[in-house]
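Numbering (the working numbering), first residue to last: 338 to 853.
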């Protein structure tokens, strides 16, 4: 195991191609290691000590991974902030995390500058890739620092902030333990072996989503620790994905169902233009994948698509392509180090095939929501935690997700899961994207509303709405069918495919209480 881990690999083979930036610039392992070491020294010289926090507002690029490799060998917390957030939202996370250093980018200059001013962040600890007023150049953190590893190395942690579905986001914080970074890096790398991925060799990992996402940084970091080359994309596009896979002979990547849907919308001519035969492991998560979408992707790319279920808090389950074909729609069985329970609201285990709240346990690992003991305690039952998902286990122990509990619609006393309806809508050729949620209804409590982003070149209007409603009526029970459809130019999703459903749903509930 000690032969794995980026620091060991880079020291042994500095000429290894570790990273390809979005503009095509290639970075060798020795250079990436040297810069990460310089950063670790620079952060310590700035006064950061074990357990302190470095917050970032950065696009995909070498600086983000330099900071990841620096903090995780210097006993620090790295807090990657979604660069699509507004200045007040960024300021909240910077303040809540008690960050001691802030690294932003020129592309997000206005938000970074306003956020830093709002929390009165010390100018001496503000750094920018590019030019941001009131920020020091990022290069100053590395200038004059030695390229040798820092003394007293200890493994750090990434503290990701949850999306804040039901309130302000909270940092998922795990303790800094006195572990050797090389050992921890090797252990992280071995996470990939759970999917059947092998170390070294010709492994090339494509990072097509923003590194501020938990899983995206996790799989990217694991790939570096596994000795694979990491290829970064800045802005994901379906054809850009295909072109990058062909150009770099990509073997692994991490995706979300929305990206599958957009790939499938490409013309057959475009699909056939690119060679994707190098792919061995396409791993996806973040949202339930419609059965039809995954079946079509497997038919196109072959049996290389793996799925897992997890959260920033931990996980999880895993399903291979072969298992999924036996149990279409499942997100898999529990990891070897994990356990899944399905409980009712009283904490009583549910029988097989009966939906309830999904609870997970990940070995002996634990976490807390930073600064929120009440939230930390409220999502626990006997050492298991939940993120509010509803699902069931079949008789063979395979987990099927229904929906998020907060998104579940209760109409006339019946539980309706929007994910099921969205999966149907996405099979209509004129639907580019879809969201389903409950809106107030005086008689039934809630009624089913659909918001549709038409496919490219399709005009929205009453005729299209009637066509889609008739399509649904032929495929799902009447009580599940949308009562009405609104159209939207572009669905509010982040670049990783996460749908901000609250932005669509909240206006309908203004001035009303919605309780699940």
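Think of the CB as a built atom: it goes at the ideal place given N, C-alpha and C, for glycine as much as any other residue.
Could you give the residue range of the beta strand (DSSP E) that holds residue 772?
Where residue 772 is concerned, the enclosing beta strand (DSSP E) stretches over 768-778.
Residue 870: buried (16+ other C-beta within 10 angstroms of its C-beta) or exposed?
Since the first residue of the chain shown is 338 and the last is 853, residue 870 is not available in this structure.
Under a three-way DSSP split, which group does residue 823 fall into?
Of the three classes helix, strand and coil, the one that applies to residue 823 here is strand, per DSSP.
Can you give me the start and stop residues for the beta strand (DSSP E) that residue 592 sits inside?
589-592 is the span of the beta strand (DSSP E), which, as asked, contains residue 592.
Between 608, 562 and 550, which lies nearest to residue 577 when the distance is taken from Cα to Cα?
Selected option, being the one with the closest Cα: 608.
I'd like the span of the alpha helix (DSSP H) that includes residue 632, first residue to last.
It spans 628-638 - the alpha helix (DSSP H) in which residue 632 sits, taken as one unbroken run.
Looking at residue 938: is its Cβ nearer than 9 angstroms to the Cβ of residue 544?
Only positions 338 to 853 of the chain appear in the structure, and residue 938 is not among them; the question remains open.
Near residue 460, which residues of its chain fall below 7 angstroms by C-beta distance, leaving aside the five closest residues on each side in sequence?
The answer, listed in chain order, is 471.
Around the C-beta of residue 563, are 16 or more other C-beta atoms found within 10 angstroms, so that it is buried, or is it exposed?
Counting Cβ neighbours within 10 Å, residue 563 comes out buried, since at least 16 surround it.
Please report the straight-line C-alpha distance between residue 819 and residue 727, rounded to a whole angstrom.
Taking the straight line joining both Cα atoms gives about 21 angstroms.
Quick check on residue 352: does DSSP put it in helix, strand or coil?
It is coil, neither helix nor strand.
Please classify residue 441: does DSSP put it in a helix, a strand, or coil?
Three-state DSSP puts residue 441 in a strand.
Which same chain residues, not among the five before or five after residue 781, have their C-beta less than 6 angstroms away from its C-beta?
Hits under 6 angstroms: 748 and 749.
For residue 613 and residue 770, what's the separation of their Cα atoms in angstroms?
C-alpha separation (whole angstroms): 25 angstroms.
Whole angstroms is fine: what's the gap from residue 683's alpha carbon to residue 601's?
For residue 683 and residue 601, the distance between alpha carbons rounds to 42 angstroms.
For residue 401, does the three-state DSSP call read helix, strand or coil?
Helix at residue 401.
Could you round the C-beta distance between residue 693 and residue 679 to whole angstroms and report it? I think they count as a contact, below 8 angstroms.
That pair is a contact at about 4 angstroms.
So who's on the other strand from residue 463, going by DSSP bridges?
DSSP, once it has assigned bridges, lists 439 as partnering residue 463.
How about the stretch 722-739 and the stretch 785-799: do they share at least three Cβ pairs that are nearer than 8 angstroms?
Taking 8 angstroms as the limit for Cβ pairs, the verdict is that the stretch 785-799 does not touch the stretch 722-739.
Could you check the C-alpha separation between residue 373 and residue 367 for me, to the nearest Å?
Using only the alpha carbons, I get a separation of about 10 angstroms.
I need the DSSP call for residue 577, collapsed to helix, strand or coil.
In the structure shown, residue 577 sits in a helix (DSSP, three-state: H, G or I).
For the putative contact between residue 805 and residue 773, defined by C-beta atoms under 8 angstroms, what is the C-beta separation to the nearest angstrom?
Not a contact, Cβ separation roughly 12 angstroms.
Following the continuous beta strand (DSSP E) through residue 752, name the residue where it begins and the one where it ends.
Segment 751-753, the beta strand (DSSP E) holding residue 752.
Rounded to whole angstroms, what's the CA-CA distance from residue 588 to residue 535? Just pull it up for me.
Each residue's alpha carbon lies about 11 angstroms from the other.
Cutting at 6 angstroms between CB atoms, please list the residues of its own chain near residue 401, excluding the five before and the five after it.
Contacts found: 395 and 548.
So for residue 511, helix, strand or coil by DSSP?
Three-state result, residue 511: coil.
Give me whichever residues DSSP pairs with residue 417 in a beta bridge.
Residue 417 pairs with 393.
Flag this pair as touching only if the stretch 751-765 and the stretch 805-817 have three or more C-beta atom pairs under 8 angstroms; answer yes or no.
Taking 8 angstroms as the limit for Cβ pairs, the verdict is that the stretch 805-817 does touch the stretch 751-765.
Where do the ends of the beta strand (DSSP E) carrying residue 782 lie?
Note, residue 782: beta strand (DSSP E), 782-791.
For residue 362, which option in 845, 585 and 439 has the closest C-alpha, if you only look at C-alpha atoms?
Residue 585 is the option with its Cα nearest to residue 362.
So is residue 847 buried or exposed if we call it buried at 16+ other beta carbons inside 10 Å?
Flag for residue 847 reads exposed.
For the beta strand (DSSP E) holding residue 740, just list the boundary residues, first then last.
Note, residue 740: beta strand (DSSP E), 736-741.
Leaving out five residues before and five after residue 560 in sequence, what residues of the same chain have Cβ atoms less than 6 angstroms from its Cβ?
Result list for residue 560: 542 and 567, in chain order.
Can you say whether residue 505 is buried or exposed, counting buried as having 16 or more other CB atoms within 10 angstroms of its CB?
Exposed.
To the nearest angstrom, report how far apart residue 379 and residue 437 are at their CA atoms.
Spanning the two alpha carbons is a distance of roughly 13 angstroms.
If you follow the alpha helix (DSSP H) that residue 560 is in, where does it begin and where does it stop?
Its alpha helix (DSSP H) spans residues 551-562.
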